[in-house]
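To keep things clear, I will list the structure first and then write my remarks on it.
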Amino acid sequence: MKKILIILMTFLIIASCTKLEDLNKDTKNPTEVPGVTLFSNAQKNLADQIASTNVNLNVFKLWAEYWTETTYTDEANYNIINRTISDNAWRVWYRNVLMDFKEAGIVIAATEYATSTEEAEAANQLVINDIMMVFAWERMVTLWGNIPYGAALDIDNIQPVYEDAATIYSNLLTRLETDIAALDENNGSFGGADFIYHGDVSAWKKFANTLKLKMGTVIKDAGVVSSAMGGAFSSNADNANFVYLDSPPNTNPLYVDLVLSGRQDFVATTLITDYMNPLEDPRRPAYFTLAPDTNVYLGGVYGASSPYALYSHVADDIATVPTFPCTILSYVEVEFYLAEYYARQDDPANAEAHYNAGITASFDFWGTEGIADYLANPDVAYSTAYDTWQETIATQAWIAFYNNGYLGWTEWRRLGFPVLPLAADAYVNSIPTRFTYPVFEQTLNGDNYTAAASAIGGDLLTTKLWFAK
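Under the numbering used here, the sequence shown has 357 at position 357, and the numbering climbs by one with no breaks.
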């Protein structure tokens with residue numbers, strides 16, 4: 001833990017030398033930052049963006065309709081203009097995440113190493129760094145569609161072209177396959193500078209295969225899925241967890257947003273409580289508090305003003321624990337993706353086995369008992385819950401993905417379930433399927449923006465991206 005804290009604090013002290021001979025240096029722009037430090041910083045920025053519920057950056061727990069807002073309901077009603085949410089998220093992914101990973105790779109590659117062992121570790125570092133970049137790019141292309149890619153991280157090019165989303169996705173899969181083959185499990189990598197797997201190369205190989213499996217699922221490519229499944233996560237112990245510290249600025253952003261802010265902005269929705277209550281879902285206390293002065297889990301109408309004093313809140317074990325981890329990629333995902341794979345292969349027996357394993361993994365993740373009775377419930381059981389495998393798998397995956405709003409929203413975008421009601425005072429006439437492009441792109445990169453908007457069918461919140469058509 002001390003090593004982790006030291007690395008995190010490095011970002012704050014790099015420009016704070018006290019030696020007299022350093023006074024003539026530009027401390028605001030240090031000339032040398034270790035590549036591993038840049039990697040650590042990028043990892044944290046990526047985890048923060050996923051974990052945060054700050055409505056200036058991340059609205060997906062709202063758009064997945066797990067939560068709704070209490071007073072200021074613009075974001076639940078799909079208004080991302082007032083707070084320039086798309087602009088903010090675009091900057092974070094490009095500048096704070098991808099650019100730091102790019103610079104980390106440049107520094108690591110340019111560093112001279114004293115031993116062959118250090119060189120081998122650096123080679124693994126470069127591969128892991130690229131795997132993390134693939135993860136970030138995948139998130140961006142499934143959020144916006146066509147985006148700047150090949151020329152995007154060139155600081156001298158302020159007008160990069162937008163590239164076709166499907167083509168980018170294919171290239172990302174090629175990068176992943178190359179990375180998987182290049183990882184050398186006989187050598188180390190980042191050690192303590194890696195806040196997810198602490199330099200465990202075997203764990204990173206599983207991560208890369210799991211990401212490949214996920215991407216194959218998104219584009220419905222059975223070949224990609226089948227080639228990745230053998231190397232993917234096989235238990236919750238494999239989860240890619242970014243574990244936070246117990247003091248600012250290194251706590252989980254949820255703790256900042258829900259506790260340190262002193263605000264009371266979110267409550268459960270009627271949608272999720274109405275799904276979970278009839279099933280007597282044992283995960284409810286892990287997700288929510290009981291509604292004040294009641295013995296029931298009660299949600300507010302999505303998009304309507306929902307007083308904090310009347311409805312269930314985010315569970316204390318999530319909201320009030322500063323070290324609560326951000327799960328970037330999970331075994332729960334693997335099992336639901338495999339259930340979908342076998343359903344598409346018309347293999348209901350294996351689909352059911354992996355469906356049950358996905359729910360079981362979710363119970364295990366939350367430390368919840370009662371899995372046998374839950375799976376035996378006809379409204380949960382694979383063969384009887386719903387008329388189609390799409391609704392059966394997507395509904396339980398959506399419940400299980402509760403702590404990752406982007407996954408829940410994407411499950412709906414891909415499979416159409418669960419049926420999400422339109423927000424009470426919706427800014428547009430249907431539920432968003434993407435982020436619109438940043439406003440500054442229209443002014444600074446107008447020609448390329450216009451071409452990209454036309455190519456995807458219009459720069460609208462409701463334009464369906466290629467994988468959802």
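Note that beta-carbon positions come from the ideal geometry of N, C-alpha and C, so glycine has one too.
Within a Cβ cutoff of 6 Å, which residues of the same chain sit near residue i, ignoring the five residues on either side of it in sequence?
i	result
ALA182	VAL127
LEU460	none
GLY300	THR68, VAL267, SER306, TYR311
ASN58	SER52
MET486	The shown model of the chain, from 1 to 469, leaves out residue 486, and the question about it has no answer.
THR174	none
VAL556	Residue 556 is absent from the structure shown; the chain starts at 1 and stops at 469.
THR388	none
SER330	ASN239
TRP90	PRO438
LYS102	LEU153
ASN341	The question names Asn, yet the displayed sequence has Tyr at residue 341. So the list reads VAL225, once near-sequence residues are dropped.
Pull up the distance between the alpha-carbon of residue i and that of residue j, whole angstroms please.
i	j	result
ILE371	LEU279	12 Å
THR463	VAL428	12 Å
PRO378	THR392	11 Å
GLU352	TYR337	12 Å
GLU69	VAL314	12 Å
GLN125	PRO253	27 Å
SER383	PRO348	9 Å
VAL218	ALA122	32 Å
ASN236	ASN403	15 Å
ASP26	THR251	Its pLDDT being 44, under 50, ASP26 is placed unreliably by the model, and nothing is read from it.
ASN41	TYR94	14 Å
ARG344	SER52	34 Å
TRP398	LEU375	16 Å
THR270	PHE288	12 Å
TYR149	ASP364	38 Å
TYR437	TRP144	7 Å
GLU32	ALA114	18 Å
MET132	ASN295	43 Å
GLY35	HIS198	16 Å
ASN56	THR73	13 Å
ASN187	THR117	7 Å
LEU407	ASP156	34 Å
TRP409	GLU112	45 Å
ASP194	ASP257	25 Å
ALA451	ALA208	33 Å
GLY191	ALA381	43 Å
TRP412	ALA110	44 Å
ASP274	LEU176	40 Å
GLU75	GLN264	15 Å
THR368	PRO282	6 Å
CYS17	LYS469	In this prediction, CYS17 scores a pLDDT of 39, lower than 50, which makes its location untrustworthy; the coordinate-derived value is nonetheless stated afterwards. Answer to the nearest angstrom: the Cα atoms are 55 Å apart.
PRO292	LEU298	9 Å
TYR386	ALA394	11 Å
ILE85	ALA309	28 Å
THR37	SER261	29 Å
MET470	ILE80	Beyond the ends of the chain as shown, which are 1 and 469, falls residue 470; an answer cannot be given.
LEU465	SER189	36 Å
PHE440	ASN82	14 Å
Can you tell me the Cβ-Cβ gap for residue i and residue j, rounded? I've got them flagged as a contact below 8 Å.
i	j	result
GLY405	ALA64	4 Å
SER362	VAL332	5 Å
PHE467	THR142	7 Å
ILE328	ILE196	7 Å
ALA470	ILE359	Because the chain in this structure spans residues 1 to 469, residue 470 falls outside the shown range and cannot be described.
TYR355	GLN396	7 Å
ASN129	ALA152	Rounded, the Cβ-Cβ distance is 16 Å, inconsistent with contact.
TYR78	PRO432	5 Å
GLU185	LYS206	Wrong, their Cβ atoms sit about 11 Å apart, outside the cutoff.
MET215	LEU245	That pair is no contact at about 31 Å.
For residue i, collect the residues of the same chain with a Cβ closer than 7 Å to its Cβ; drop the 5 residues on either side in sequence, then sort them by chain order.
i	result
GLN442	TYR449
VAL334	THR210, LEU213, ALA232, PHE233
VAL161	PRO148, ALA151, ASN448
LYS2	Since pLDDT at LYS2 reaches only 39, below the 50 mark, its modelled position is unreliable, and the value read off the structure follows with that caveat. Answer for LYS2: no residue qualifies.
ASN146	TYR162, GLU163, ASP164, ALA165, ALA452, ALA455, ILE456
Once the 5 residues before and after residue i are set aside, which same chain residues still bring their CB inside 8 Å of it?
i	result
ASN45	VAL92, ASN96, VAL97, ASP100
ASN24	Confidence is the limiting factor: at ASN24 the pLDDT is only 42, short of 50, which leaves the residue's position unreliable, though a coordinate-based value still follows. The answer is none, since no qualifying residue turns up.
ALA453	TYR437, ASP459
ASP317	ALA286, PHE324
ALA319	LEU254, TYR255, LEU258, VAL259, HIS313
Those runs of the alpha helix (DSSP H) which lie wholly inside the segment 82–166 and span at least 4 residues: 85–91, 99–110, 116–144
Sufficient close CB pairs (3 or more, under 8 Å) joining the segment 421–440 to the segment 295–310: yes
Complete runs of the alpha helix (DSSP H) confined to the segment 406–463 [at least 4 residues]: 439–444, 446–456
Whole runs of the beta strand (DSSP E) within the segment 186–250, excluding any shorter than 3 residues: 240–242
Alpha helix (DSSP H) runs contained entirely in the segment 317–373, provided each spans 4 or more residues: 331–344, 348–366
Continuous beta strand (DSSP E) assignments of at least 3 residues falling wholly in the segment 258–282: Residue ranges of uninterrupted beta strand (DSSP E) with 3 or more members, entirely inside the segment 258–282 and ordered along the chain, are 266–268.
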